[in-house]
Amino acid sequence: MKRVYVNEKWCLGCHLCEYNCAFANSGESDMVRALRKKKIVPNIRVEEDGEINFAVSCRHCSEPICVKSCISGALTKTDGMISIDHDKCVGCLTCVLVCPYGCVRESENGAVQKCELCLNNTVGEPACVKGCPNRAIIFEDRG
Amino acid sequence: MKNYVIIGNGAAAVGVIEGIRSLDRDGKITVVSRENRHVYCRPLISYLLEGKTDENLMLYRPEDFYERNGVKVIYGKSAESLDPKSKKVILGNGEALDYDEICIAAGSSPFVPPIEGLESVKKRHSFMTLDDAEALAADLTPDSEVLIIGAGLIGLKCAEGILGRCKKITVCDLAPRVLSSILDSDCAAIMQKRLEQMGIEFLLGDTVSRFEGEKAIMQSGAAVGFDVLVTAVGVRANTSLVKSAGGETGRGISVDTRMRTTLPSVYAAGDCTESLDITSGVKKVMAIMPLAYIQGRCAGINMAGGDEELNNSFPMNSIGFNGLHCMSAGSYDGDCWEQKTERGIKRLYTKDNLLKGFIIIGDIDRAGIYTSLIRNKTPLDSVDFELLKKSPSLAPFGKAFRDEKLGGVI
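Here it is, written out as structure tokens:
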């Protein structure tokens, strides 16, 4: 199963992955129109630890506690990917309460949002990885 | 081929089914369901009345769930007695089911307080099941004045759900604050204010002493007029099946870390059980849906011959009203660190180098990072807790943690 991994020694802390993620999931075809003057709510977030930067997104855990804890049956895991059904989700945020990585968040539409590896939007492959200028985020199978 | 029986058809039962099927594709599984319904999400009944979901969307698993898992469901029946010696369970119609392994996932029942004149109230409801929600909705009109007894999770979600369907809602509770089982008085005051802004009225530290038709006479002497009554004072675990068969029960059915009761081949999971809260060291009923599923899954794996242990449970809740979210977890024991924010408050409770519990209102982003500290009993001196306190993130866990969690398969 391919997942998104971070190589923190290469991360420049440029936050481009956050913008690419927000754009990929905006439903817009123009990046400027999608993001201009908007507070972006990306599914990947760059953190800092002193000199080090690293990007954090859903780990698509083998034993996903968000899926097990979901009270509406909206979070499911299929073919190794955890996805959210926005129609079923009522926004109770129990998944936010249990995710150890802080990778599920409130969205504007009342449901939660999370990384779906860009398989449920028009990009079709992780936009964060595609747009990373220093290959600090990679999409590969590590077993 | 093993013969599995599950009593109950909620989240815990689904956990049992999925747990069994993770190891045993062939065993026979029979579910005994009191309700005449496909498994649905009980906590969503308030969202249903609010119009945020519908009966189809609120199914906990897809319509073909039982078929796909080879499960036979006996609808509209409950289990009356259990004979662990002959491994039989007797249903209400006298039918006997044999089993090799059984899991009691019978949930809980609303407790209806004995109040003088209660039987004279024509429109009175509990708020647990989809049937309850439909019956309540049928009694509501735009002119309805609703009295809800109980300002806990169920009573308040009910109030939010029906706010747009009636004229007035009054909530009373013997406790002096709302959400008294999960919040202290300061935090409760913040949530109460939000609920009052929504138009819900409160009578706290007061409850009904008697009913006179459509008038409730309170202990304080106040009289509250209403035409629809909802009782939401609490629930009681359905323990009788195990208790009458000689199994150990307290407030709930006693289970060990493998979800075994004290009866051979009898497991239990979900709201009908009591188990160890790791944050207080006390055995208690933790009637929350995530735990019901997780316990059920643990039971199912063990029933199918696996070896699964659950030893990191504690109470937790996420509840929101009109966009203001409140999260709580664990025990409010030890030193309290507090941060006031624009929208609310954060309180973290630490003791013996561990995070024991928290309450967060408002800024709940990434709260699960705190929950994981409790779940994993992470020694606080192994992380930069000063940094974590202010804002939950992964940086304070250090490089080795990141290499494992962000660089490996977890």
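Note that the protein sequences, when read in sequence, are chains W and X. Using this note's numbering, the letters of the first sequence correspond one by one to residues 1 to 143. Using this note's numbering, the letters of the second sequence correspond one by one to residues 144 to 553. A virtual CB, placed ideally from N, CA and C, is assigned to each residue, including glycine.
What is the rounded straight-line gap between the Cα of A365 (chain X) and the Cα of R353 (chain X)? Working through the second sequence from its first residue, we reach residue 365 (chain X) at position 222. Working through the second sequence from its first residue, we reach residue 353 (chain X) at position 210. For A365 (chain X) and R353 (chain X), the distance between alpha carbons rounds to 11 Å.
Is it true that the region 77 to 91 of chain W meets the region 38 to 56 of chain W, where meeting means three or more beta-carbon pairs spaced less than 8 Å apart? no
N- and C-terminal bounds of the alpha helix (DSSP H) containing R518 (chain X): On the second sequence, residue 518 (chain X) is found 375 positions in, with the first residue counted as 1. Its alpha helix (DSSP H) spans residues 511 to 518.
Thinking C-alpha only, which one of X:S328, X:S224, X:I343 is nearest N465 (chain X)? In the second sequence, the residue the question calls residue 465 (chain X) occupies position 322. Comparing Cα positions, the closest option is X:I343.
Mind pulling the chain W residues with CB within less than 7 Å of H468 (chain X)? Here the question's residue 468 (chain X) lines up with position 325 in the second sequence. Here the neighbours are L93.
V182 (chain X) bridges to which residues according to DSSP? Position 39 of the second sequence holds residue 182 (chain X). Looking at the DSSP assignment, V182 (chain X) forms no beta bridge with any residue, so it has no partner.
Contacting residues, own chain, Cβ-Cβ under 6 Å from K311 (chain X) (five flanking each side not counted): The sequence position of residue 311 (chain X) within the second sequence is 168, counting from 1. Once the five neighbours on either side are set aside, the close Cβ partners of K311 (chain X) are E288.
Rounded straight-line distance, which links the Cα of Q113 (chain W) to that of S107 (chain W): Looking up residue 107 (chain W) in the first sequence gives position 107. Looking up residue 113 (chain W) in the first sequence gives position 113. Approximately 6 Å between the Cα atoms of the pair.
In chain W, which residues lie less than 8 Å from R320 (chain X) when you measure between Cβ atoms? What you label residue 320 (chain X) is simply residue 177 of the second sequence in a count that begins at 1. Near R320 (chain X) there are no residues of chain W at all, since even the closest Cβ is about 21 Å away, more than 8 Å.
Cβ of S363 (chain X) less than 8 Å from any chain W Cβ? Within the second sequence, numbered from 1, the residue matching residue 363 (chain X) stands at position 220. Answer no: the Cβ-Cβ gap between S363 (chain X) and chain W never drops below 8 Å.
State the Cα-Cα distance for the pair S83 (chain W) and K230 (chain X), rounded to the nearest angstrom. If you number the first sequence from 1, residue 83 (chain W) lands on position 83. If you number the second sequence from 1, residue 230 (chain X) lands on position 87. Distance between the alpha carbons of S83 (chain W) and K230 (chain X): 41 Å.
Counting along the chain, where does the alpha helix (DSSP H) carrying G550 (chain X) start and finish? Stepping through the second sequence from its first residue, residue 550 (chain X) is reached at position 407. It spans 542 to 550 - the alpha helix (DSSP H) in which G550 (chain X) sits, taken as one unbroken run.
Tell me which same chain residues have a C-beta within less than 6 Å of the C-beta of I233 (chain X), skipping the five on either side of it? Residue mapping note: residue 233 (chain X) aligns to position 90 of the second sequence, counting from 1. The answer, listed in chain order, is E223, S224, A239.
Between C17 (chain W) and chain X, is any beta-carbon pair separated by less than 8 Å? In the first sequence, residue 17 (chain W) corresponds to position 17, counting from 1. Answer no: the Cβ-Cβ gap between C17 (chain W) and chain X never drops below 8 Å.
Answer yes or no: does any C-beta atom of chain X fall closer than 8 Å to that of C160 (chain W)? Here chain W comprises residues numbered 1 to 143, so residue 160 (chain W) is not present and cannot be evaluated.
Could you tell me whether the Cβ of D79 (chain W) comes closer than 8 Å to any Cβ of chain X? Here residue 79 (chain W) refers to the residue found at position 79 when the first sequence is read from its first residue. False, the Cβ-Cβ gap to chain X never drops below 8 Å.
For the region 25 to 113 of chain W, list the beta strand (DSSP E) runs that are entirely contained and at least 3 residues long, ordered along the chain. 45 to 49, 52 to 56, 75 to 78, 81 to 84
Based on the DSSP secondary-structure assignment, which residues constitute the bridge partners of L346 (chain X)? Start at 1 with the first residue of the second sequence, and residue 346 (chain X) comes out as number 203. In DSSP, L346 (chain X) forms a bridge with X:C315.
Taking C-beta pairs closer than 7 Å, name the residues in chain X that L75 (chain W) reaches, listed in chain order. Mapped onto the first sequence, residue 75 (chain W) falls at position 75. By Cβ distance, chain X contributes nothing, its closest Cβ being about 11 Å from L75 (chain W), past 7 Å.
Buried or exposed (CB count within 10 angstroms, at least 16 for buried), N152 (chain X): Position 9 of the second sequence, counted from the first residue, corresponds to residue 152 (chain X). Classification of N152 (chain X): buried, given that the 10 Å Cβ count is 16 or more.
Between the region 54 to 74 of chain W and chain X, which residues of the former have a C-beta closer than 7 Å to a C-beta of the latter? F54, V56, R59, C61, S62, K68, S69, I71, S72, G73
Count the other CB atoms, across all protein chains shown, that sit within 10 Å of the CB of A339 (chain X); report buried if there are 16 or more and exposed otherwise. As a working note, residue 339 (chain X) is residue 196 in the second sequence. According to the sequence provided, residue 339 (chain X) is Glu. The question's Ala does not apply to it. By the neighbour-count rule (16 or more Cβ atoms within 10 Å), E339 (chain X) is not buried but exposed.
Under a CB-based cut-off of 8 Å, is C21 (chain W) close to chain X? As a first step, residue 21 (chain W) must be located in the first sequence, where it is residue number 21. So no, C21 (chain W) is outside the interface.
According to DSSP, is M201 (chain X) helix, strand or coil? If you number the second sequence from 1, residue 201 (chain X) lands on position 58. Residue state, collapsed to three classes: coil.
Going residue by residue through the region 423 to 475 of chain X, where are the continuous beta strand (DSSP E) segments of at least 3 residues, counting only ones entirely within it? 425 to 427, 459 to 464, 467 to 473
Starting from C128 (chain W), trace the alpha helix (DSSP H) in both directions and tell me its first and last residue. Counting from one through the first sequence, the residue named residue 128 (chain W) turns up at place 128. Note, C128 (chain W): alpha helix (DSSP H), 127 to 130.
Cutoff 8 Å: T196 (chain X) Cβ touching any chain W Cβ: The residue given as residue 196 (chain X) occupies position 53 in the second sequence. Cβ-Cβ to chain W under 8 Å: yes for T196 (chain X).
What is the DSSP secondary structure of F254 (chain X), counted as helix, strand or coil? Taking the first residue of the second sequence as 1, we reach residue 254 (chain X) at position 111. Coil.
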